[in-house]
Amino acid sequence: MSVIDWVVLIGTLVFIVVYGAWKTRGAQDLEGYLKGGNTAQWWGIGISIMATQASAITFLSTPGQAYADGMGFVQFYFGLPIAMVILSVTFVPMYYRLKVFTAYEFLEQRFDLKTRSLAALLFLVQRGLAAGITIYAPAIILSTLLGWNLTATNVFIGVLVILYTVTGGTKAVTQTQKQQMAVMMGGMVLAGVMVIRMLPPDIGFGDALQVAGKLGHLNVVDFDFRLGERYNFWSGITAALFLFLSYFGTDQSQVQRYLGGRSLAESRLGLIMNGLLKVPMQFLILFIGVMVFVFYQFDRPPVFFNQVVEAQVKASPQGGAYADVEAAYYKLHDQKRAELYGLVTAARTGEDAQVRMHQAEATRLLQAAEGLRTEAKALIRSAVPTAETNDKDYVFMGFVMGNLPIGMIGLLFAVMFCAAMSSTASELNALASTTTIDLYKRSVRKHADERHYLRSSKLFTLAWGLLAILFATYASLFENLIQAVNLLGSLFYGTILGIFLVAFYCKSIQGHAVFLAALLAEALVVWIHFANAAGTAPGWLTMGYLWYNAVGCGLVIALGYLLQPWMPKAEPPIQRLA
Amino acid sequence: MNEDPIPLFRSWNGWYALLIGVLVLLVWCFHLLTEHYA
Chain A
5 MSVIDWVVLI GTLVFIVVYG AWKTRGAQDL EGYLKGGNTA QWWGIGISIM
55 ATQASAITFL STPGQAYADG MGFVQFYFGL PIAMVILSVT FVPMYYRLKV
105 FTAYEFLEQR FDLKTRSLAA LLFLVQRGLA AGITIYAPAI ILSTLLGWNL
155 TATNVFIGVL VILYTVTGGT KAVTQTQKQQ MAVMMGGMVL AGVMVIRMLP
205 PDIGFGDALQ VAGKLGHLNV VDFDFRLGER YNFWSGITAA LFLFLSYFGT
255 DQSQVQRYLG GRSLAESRLG LIMNGLLKVP MQFLILFIGV MVFVFYQFDR
305 PPVFFNQVVE AQVKASPQGG AYADVEAAYY KLHDQKRAEL YGLVTAARTG
355 EDAQVRMHQA EATRLLQAAE GLRTEAKALI RSAVPTAETN DKDYVFMGFV
405 MGNLPIGMIG LLFAVMFCAA MSSTASELNA LASTTTIDLY KRSVRKHADE
455 RHYLRSSKLF TLAWGLLAIL FATYASLFEN LIQAVNLLGS LFYGTILGIF
505 LVAFYCKSIQ GHAVFLAALL AEALVVWIHF ANAAGTAPGW LTMGYLWYNA
555 VGCGLVIALG YLLQPWMPKA EPPIQRLA
Chain B
25 MNEDPIPLFR SWNGWYALLI GVLVLLVWCF HLLTEHYA
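Line by line, the protein sequences are chains A and B. Be aware that the first sequence starts at 5, since it is given in the working numbering, and climbs by one per residue. Be aware that the second sequence starts at 25, since it is given in the working numbering, and climbs by one per residue.
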């Protein structure tokens, strides 16, 4: 990277952190620290919700996913607007009516302390580990691209976030997310414009769409219902709906964003803004990936996008074999390019038969090139056994570093760091709130003064931040653990959502029944997962992980009804909390 | 519960209808895009 890129990157990050900390300086009370003093307007809430969900992996992986498989991933987000409607009608008014700090506080008012503590603990375990991964996952890619030390990159991201999250609390998180979102969207839109402008001069935007479509990369919607298929229209509006209901309705890192609203109306509008913009935003990010794919149909792409690993293979004894694969790959690439020029010319003149002929040949060449990439990956595995051979996360930034002008490269790195920081900040903020309100203030030290709890909240934010850095630093030692953490969300979310849906809609079910139902449902979901992973699940239980949310949620409700008649009468829920 | 005015529509149902309407419109456009360039 050039000096200008470094100035853009460091300048952007330092400005956001310093401005965020300065703007939210001064004394605050507990309500101000955890709920931002209920001053957020709808657009600030909307931005904060979107910035929390958009992690660095969203911007690093999504274009790479579109590069490899096309646009189908956007269907995953079809359930989101529906979830926003359900939340605005049920969850949000209830949280406002009870004036809660955290989502789990509501559960004690409806059920009992043990159900509240169970939900809070499930959240702390899952989100606490996930916060480490939110830092680690982009750090491993960014450190490779920048040539930084991995631990230093983890500490860099973590410390920047801790600086303003500890001092300014929710207000600082929301304030910085506005600038971070502006950098993220501005950077991505500019990158999108640049990639279209960098197509060959005789290939227009319409031609690019033809190339993408004919090579199967504009396959946005698939209406065929298949339970095992991860992304289609039906899994998007059903299974993903449950995931979004859990995430936005019961995950404190999101609930805290709209609980800081000036009023119920502002919070609802913030959620509706998220519902309106999220699908187009994901479409845009995927579309940029597709345009990068089209760019590389005319310009030669690297055989393997992680250039550091590629250099290691070339310098190894497998270097000669790798060079042969590379030569064959580029020969195929040049043939494919000629076919695609033929396709574009035929499409312009409306010669359908010619278009189909070139499409078939180009598709065959694309598959053959993919076969060569598989050979290259086998060579990489034998030369560098520790290397990750899935290079999809390196596609977009590889394109940026190799092709975009000076200044833009620094800006796009700033996009990735901003995304990592905005998600991590919300997570630390929510972890500290839940620890303080649901555990410390409720069960450990019940009668201290306001200043004590404010100080505790700051300390808990710092502690969770340091834990996240520590976990990120040691994450590479536990590859299986990372997979487990990624799964935790799907395993826990269904149960947590089930508890909340029972609370809202199943008035006859009380604390003891829902608590037992939740424990049983969680055990069953974990069993279903392991049966699926081991391949021993019967046909009707074979499912993609997205469906665990729906299954867990359904089980809590069904078991709740089954168990309730056998339970002793629960104590009446308490009216107000300490 | 507060009684804040609802911008643009008479009730929240207007906003919800808008949200679902935009989703349907987007899915329809995506479907056309998929079919047209397949």
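The beta carbon of each residue, even a glycine, is placed where N, CA and C say it ideally should be.
Distance, residue j Cα to residue i Cα
i, j, result
"Val199(A)", "Arg455(A)", "53 Å"
"Val22(A)", "Tyr168(A)", "8 Å"
"Phe508(A)", "Thr119(A)", "14 Å"
"Leu545(A)", "Ala424(A)", "36 Å"
"Thr390(A)", "Gln316(A)", "12 Å"
"Phe160(A)", "Cys422(A)", "12 Å"
"Leu581(A)", "Gln256(A)", "Because Leu581(A) carries a pLDDT of 41, less than 50, the predicted location of this residue cannot be relied on, and no value is offered for it."
"Ser447(A)", "Leu49(B)", "49 Å"
"Thr254(A)", "Ala107(A)", "6 Å"
"Ala452(A)", "Leu268(A)", "30 Å"
"Gln184(A)", "Gly162(A)", "16 Å"
"Ile166(A)", "Ser426(A)", "11 Å"
"Leu567(A)", "Phe110(A)", "22 Å"
"Val399(A)", "Gly406(A)", "11 Å"
"Gln579(A)", "Leu443(A)", "Caution is warranted here: a pLDDT of 48 is assigned to Gln579(A), below 50, making its placement in the model unreliable, and the coordinate value is therefore given only provisionally. Going from the Cα of Gln579(A) to the Cα of Leu443(A) covers about 18 Å."
"Gly190(A)", "Phe237(A)", "29 Å"
"Val560(A)", "Met547(A)", "19 Å"
"Gly136(A)", "Leu146(A)", "15 Å"
Within chain B, partners of residue i - CB distance below 7 Å
i, result
"Asn158(A)", "Neighbours of Asn158(A) on chain B: none; closest Cβ ~38 Å, over 7 Å."
"Ile276(A)", "Trp39 and Leu43"
"Arg272(A)", "Trp36"
"Met54(A)", "Here the premise fails: no neighbours, minimum Cβ distance about 15 Å."
Of the listed residues the options, nearest to residue i (C-alpha basis)
i, options, result
"Ile503(A)", "Tyr457(A), Tyr262(A), Pro204(A) and Asp116(A)", "Asp116(A)"
"Phe248(A)", "Val518(A), Ala364(A) and Ile53(A)", "Ile53(A)"
"Gly354(A)", "Asp211(A), Gly279(A) and Phe464(A)", "Asp211(A)"
"Gly50(A)", "Leu13(A), Gly30(A), Gly265(A) and Pro67(A)", "Gly265(A)"
"Gln260(A)", "Val529(A), Pro67(A), Glu35(A) and Ala479(A)", "Glu35(A)"
"Gln3(A)", "Tyr565(A), Phe496(A) and Ala327(A)", "Given that chain A is displayed from residue 5 to residue 582, the structure contains no residue 3(A) and the question cannot be resolved."
"Trp46(A)", "Ile276(A), His337(A), Ala350(A) and Leu344(A)", "Ile276(A)"
"Ser59(A)", "Thr138(A), Gly30(A) and Arg101(A)", "Thr138(A)"
"Gln32(A)", "Gly173(A), Gly83(A) and Gly217(A)", "Gly173(A)"
"Ala41(B)", "Ala72(A), Phe302(A), Gly68(A) and Met88(A)", "Met88(A)"
"Ala70(A)", "Gly217(A), Ala537(A) and Ala319(A)", "Gly217(A)"
"Gly324(A)", "Phe287(A), Ala380(A) and Gln311(A)", "Ala380(A)"
"Lys318(A)", "Ala387(A), Pro142(A), Met420(A) and Met202(A)", "Ala387(A)"
"Leu38(A)", "Leu463(A), Leu501(A), Ala382(A) and Pro284(A)", "Leu463(A)"
"Leu150(A)", "Thr16(A), Met285(A), Met420(A) and Gln363(A)", "Met420(A)"
"Phe246(A)", "Leu273(A), Leu550(A) and Thr56(A)", "Leu550(A)"
"Val555(A)", "Ala123(A), Asn310(A) and Ile532(A)", "Ile532(A)"
"Thr94(A)", "Thr242(A), Ile145(A) and Leu501(A)", "Leu501(A)"
"Phe309(A)", "Ser494(A), Arg234(A) and Thr148(A)", "Thr148(A)"
"Asp328(A)", "Leu383(A), Pro67(A) and Asp397(A)", "Leu383(A)"
Closer than 7 Å at the beta carbon, the chain A residues around residue i
i, result
"Leu49(B)", "Chain A residues near Leu49(B): none, gap ~10 Å exceeds 7 Å."
"Phe33(B)", "Near Phe33(B) there are no residues of chain A at all, since even the closest Cβ is about 11 Å away, more than 7 Å."
Buried or exposed by the 16-neighbour rule on C-beta atoms within 10 Å, applied to residue i
i, result
"Thr438(A)", "buried"
"Val11(A)", "exposed"
"Val296(A)", "buried"
"Ala429(A)", "buried"
"Asn26(B)", "With a pLDDT of 48 at Asn26(B), under the threshold of 50, the predicted position of this residue should be treated as unreliable, though the coordinate-derived value follows. By the 10 Å Cβ count, Asn26(B) comes out exposed."
"Cys53(B)", "exposed"
"Gln371(A)", "exposed"
"Ala141(A)", "buried"
"Val7(A)", "exposed"
"Phe19(A)", "exposed"
"Trp570(A)", "exposed"
"Arg352(A)", "exposed"
"Pro205(A)", "exposed"
"Thr58(B)", "buried"
"His60(B)", "exposed"
Residue span of the alpha helix (DSSP H) that contains residue i, given as start and end
i, result
"Cys53(B)", "Trp36 to Tyr61"
"His337(A)", "Gly323 to Thr353"
"Glu392(A)", "Run containing Glu392(A): none; DSSP gives neither H nor E here."
"His456(A)", "Glu454 to Tyr478"
"Cys422(A)", "Met412 to Thr438"
"His516(A)", "Gly515 to Ala538"
"Trp238(A)", "Phe237 to Ile241"
Chain-ordered neighbours of residue i on chain C, where CB pairs are closer than 8 Å
i, result
"Phe82(A)", "The chain inventory of the structure shown lacks chain C, comprising the protein chains A and B."
Interface partners of residue i on chain B, CB under 9 Å
i, result
"Ile51(A)", "Under the 9 Å cutoff, chain B gives no residues; its nearest Cβ is about 17 Å from Ile51(A)."
"Leu91(A)", "The premise fails here: Leu91(A) is roughly 11 Å from chain B at the closest Cβ pair, so nothing lies under 9 Å."
Neighbouring residues, chain B, relative to residue i (Cβ below 8 Å)
i, result
"Ala216(A)", "Tyr61"
"Val224(A)", "Phe54, His55, Leu57 and Thr58"
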